[in-house]
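Quick mapping for you: the protein sequence lines, in order, are chains A and B. Reading the first sequence from the start, the letters are residues 704 to 825 in this note's numbering. Reading the second sequence from the start, the letters are residues 704 to 825 in this note's numbering. Comments concern the structure below.
Number of protein chains: 2
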Amino acid sequence: MSNAKALSLLERSEAPVAAVPCCPPLSERPFTAEEAERTARMFKALGDPVRLRLFSAVASHQGGEACVCDISDVGVSQPTVSHHLKKLKEAGLLTSERRGTWVYYRVEPSVLAAMGQLLAVR
Amino acid sequence: MSNAKALSLLERSEAPVAAVPCCPPLSERPFTAEEAERTARMFKALGDPVRLRLFSAVASHQGGEACVCDISDVGVSQPTVSHHLKKLKEAGLLTSERRGTWVYYRVEPSVLAAMGQLLAVR
DNA sequence: CTTTTGCTTCGACATCTGTCGATCCCTTGC
DNA sequence: GCAAGGGATCGACAGATGTCGAAGCAAAAG
Numbered sequence: 704m705s706n707a708k709a710l711s712l713l714e715r716s717e718a719p720v721a722a723v724p725c726c727p728p729l730s731e732r733p734f735t736a737e738e739a740e741r742t743a744r745m746f747k748a749l750g751d752p753v754r755l756r757l758f759s760a761v762a763s764h765q766g767g768e769a770c771v772c773d774i775s776d777v778g779v780s781q782p783t784v785s786h787h788l789k790k791l792k793e794a795g796l797l798t799s800e801r802r803g804t805w806v807y808y809r810v811e812p813s814v815l816a817a818m819g820q821l822l823a824v825r
Numbered sequence: 704m705s706n707a708k709a710l711s712l713l714e715r716s717e718a719p720v721a722a723v724p725c726c727p728p729l730s731e732r733p734f735t736a737e738e739a740e741r742t743a744r745m746f747k748a749l750g751d752p753v754r755l756r757l758f759s760a761v762a763s764h765q766g767g768e769a770c771v772c773d774i775s776d777v778g779v780s781q782p783t784v785s786h787h788l789k790k791l792k793e794a795g796l797l798t799s800e801r802r803g804t805w806v807y808y809r810v811e812p813s814v815l816a817a818m819g820q821l822l823a824v825r
């Protein structure tokens, strides 16, 4: 099998996607209750304006990661920022790592791809 | 200007997207408050398991549309189904039309495409 | 060791949200 | 006109969610 063929299979989810055990495109067939439960968690995490701004700030930050102090300017208190970042982590959209004084958040790329797949046209 | 160049411009949202006045990819630059407000509404609509099942049922139904009676089997009462379909309509994800006794819902295709754009990789 | 700084956790609270039964509206069939 | 059935709306309510200030914790700086 050529590399191109293998890649194609992966992109079409005809082979299991390793890191993200999720779901077929929304328009392929009706979701089961379990699929909906898992998938809704991710959409829900992005369903808040503040979280969306935080996520976008991390995703667009140079190097693909951002310190909390770099993205805290979203109009809510610092505890609230921390609360939302935690929610994004729990949803599997972000990961965090402490380096010295600062905590850095970065986007989980495979999850972003999986969500894109969900919205793919039939 | 070549067609390819024109298409490229459109895809990058350097020209206004006609039907869906939304936002650049999440990872292009930090969202403004207004962009986040608008976009979060759509994600929020898909952030509930029941709504996700209803949306998936409509999206995957043959002909691209479904009568309420076709998709009501999601484990909640009929008023609740109606409530969720209304939410999906308000978010711009579905449209509805009465034909005789039945009401048919269908997916707004341009919105689905717009959400896909949001999740596109940088 | 003490202070400072960046961030998380805790507790409280007002608001939003999902759910249901009851009721209402609209269309069709008699 | 009247009954029946699909679907929307209403009113109520428990539980989830977003927000804040206060307090806690960890790493660096003095």
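For glycine and all other residues, C-beta sits at the position ideal for the given N, C-alpha and C.
Where does Leu755(B) fall in DSSP's three states?
Residue numbering aside, residue 755(B) sits at position 52 when the second sequence is read from its first letter. Three-state DSSP puts Leu755(B) in a helix.
Three-state secondary structure (DSSP) at Glu731(A)?
Locating residue 731(A) in the first sequence gives position 28, where the first residue counts as 1. Coil at Glu731(A), not helix or strand.
Report back the beta-carbon spacing between Leu729(A) and Leu821(A) to the nearest angstrom; my notes put them in contact at under 8 Å.
Residue numbering aside, residue 729(A) sits at position 26 when the first sequence is read from its first letter. Residue numbering aside, residue 821(A) sits at position 118 when the first sequence is read from its first letter. Distance from Leu729(A) to Leu821(A) at the Cβ level is roughly 5 Å; contact confirmed, criterion being Cβ atoms closer than 8 Å.
Nearest to Val806(B) by alpha carbon, out of Gly750(B), Leu797(B), Val814(B) and Val777(B)?
Translated into the one-based positions of the second sequence, residue 806(B) becomes position 103. For the residues Gly750(B), Leu797(B), Val814(B) and Val777(B), the minimum Cα distance to Val806(B) belongs to Leu797(B).
Does the region 726-745 of chain B come within contact of the region 764-783 of chain B, defined as at least 3 CB pairs closer than 8 Å?
At 8 Å Cβ cutoff, the stretches do not touch.
Nearest-angstrom Cα separation, counted from Arg732(B) out to Ser780(B)
Taking the second sequence and counting its residues from 1, one reaches residue 780(B) at position 77. Taking the second sequence and counting its residues from 1, one reaches residue 732(B) at position 29. So the alpha carbons of these two residues sit roughly 42 Å apart.
Minimum C-alpha distance to Pro685(A) - residue among Glu793(A), Ser813(A), Val814(A) and Thr783(A):
Residue 685(A) is absent from the model: chain A starts at 704 and stops at 825.
Going by beta-carbon coordinates alone, are Lys747(B) and Gly750(A) separated by less than 9 Å?
By one-based count along the second sequence, residue 747(B) stands at place 44. By one-based count along the first sequence, residue 750(A) stands at place 47. In this structure, the beta-carbon distance from Lys747(B) to Gly750(A) falls below 9 Å.
Length of the line joining the Cα atoms of Ala718(A) and Pro727(A)
Working through the first sequence from its first residue, we reach residue 718(A) at position 15. Working through the first sequence from its first residue, we reach residue 727(A) at position 24. Its pLDDT being 34, under 50, Ala718(A) is placed unreliably by the model, and the measurement read from it follows with that caveat. Those two C-alpha atoms are separated by around 12 Å.
Classify Val824(B): buried if its beta carbon has 16 or more other beta carbons within 10 angstroms, exposed otherwise.
Working through the second sequence from its first residue, we reach residue 824(B) at position 121. By the 10 Å Cβ count, Val824(B) comes out exposed.
Return no unless some Cβ of chain B is closer than 9 Å to the Cβ of Arg809(A).
Taking the first sequence and counting its residues from 1, the one referred to as residue 809(A) is at position 106. By this cut-off, Arg809(A) is not an interface position.
Assuming Arg809(A) and Glu768(A) are in contact, meaning their beta carbons sit under 8 Å apart, how far apart are those beta carbons, in whole angstroms?
Looking up residue 809(A) in the first sequence gives position 106. Looking up residue 768(A) in the first sequence gives position 65. The beta-carbon separation of Arg809(A) and Glu768(A), rounded to 4 Å, stays under the 8 Å limit for a contact.
Cβ neighbour criterion (16 or more within 10 Å) applied to His786(A)
Within the first sequence, the letter at position 83 stands for residue 786(A). Looking at its Cβ environment, which holds fewer than 16 other Cβ atoms inside 10 Å, His786(A) is exposed.
Which residues, taken in chain order from the region 741-764 of chain B, show a beta carbon closer than 7 Å to some beta carbon of chain A?
Against chain A - using a Cβ distance shorter than 7 Å - the residues of the region 741-764 of chain B are Thr742, Ala743, Phe746, Lys747, Leu749, Gly750, Asp751, Pro752, Leu755, Arg756, Phe758, Ser759, Ala760, Ala762 and Ser763.
Residue range of the unbroken alpha helix (DSSP H) whose run includes Leu788(A):
Here residue 788(A) refers to the residue found at position 85 when the first sequence is read from its first residue. Here the alpha helix (DSSP H) through Leu788(A) covers Gln781 to Glu793.
In chain A, which residues lie with their C-beta within 7 Å of the C-beta of Arg732(B)?
Translated into the one-based positions of the second sequence, residue 732(B) becomes position 29. Simply Ser763.
Taking beta-carbon pairs under 8 Å, can you tell me which members of the region 789-813 of chain B lie near chain A?
Result list: Val810 and Pro812.
For Ala823(A), the three-state DSSP class (helix, strand or coil)
Within the first sequence, residue 823(A) is the residue found at index 120, counting from 1. Three-state DSSP puts Ala823(A) in coil, outside helix and strand.
Around the C-beta of Cys772(B), are 16 or more other C-beta atoms found within 10 angstroms, so that it is buried, or is it exposed?
What you label residue 772(B) is simply residue 69 of the second sequence in a count that begins at 1. Of the other Cβ atoms in all chains shown, fewer than 16 fall within 10 Å of the Cβ of Cys772(B); this residue is therefore exposed.
Take Ala760(B) as the anchor and find which of Phe734(A), Ser759(A), Gly778(A) and Arg744(A) has the nearest alpha-carbon.
As a position in the second sequence, residue 760(B) is number 57, starting the count at 1. Nearest neighbour of Ala760(B) by Cα position, chosen from Phe734(A), Ser759(A), Gly778(A) and Arg744(A), turns out to be Phe734(A).
What does the alpha-carbon distance come out to for the pair Gly778(A) and Glu811(B)?
If you number the first sequence from 1, residue 778(A) lands on position 75. If you number the second sequence from 1, residue 811(B) lands on position 108. Taken atom to atom, the span from the alpha-carbon of Gly778(A) to that of Glu811(B) is near 33 Å.
Can you find the residues in the same chain that come closer than 6 Å, C-beta to C-beta, to Ala794(A), ignoring five residues on each side of it along the sequence?
Indexing the first sequence from 1 puts residue 794(A) at position 91. Residues Arg744, Met745 and Ala748 of the same chain have their beta carbon placed closer than 6 Å to that of Ala794(A), with the five preceding and five following residues left out of the count.
Can you tell me whether DSSP reads Cys726(A) as helix, strand or coil?
As a working note, residue 726(A) is residue 23 in the first sequence. Cys726(A): coil per DSSP, three-state reduction.
Establish whether the CB of Glu714(A) and some CB of chain B are separated by less than 9 Å.
The sequence position of residue 714(A) within the first sequence is 11, counting from 1. The pLDDT assigned to Glu714(A) is 35, lower than 50, so where the model puts this residue is not dependable; a value taken from the coordinates is nonetheless given after this. Not one chain B Cβ lies under 9 Å of Glu714(A).
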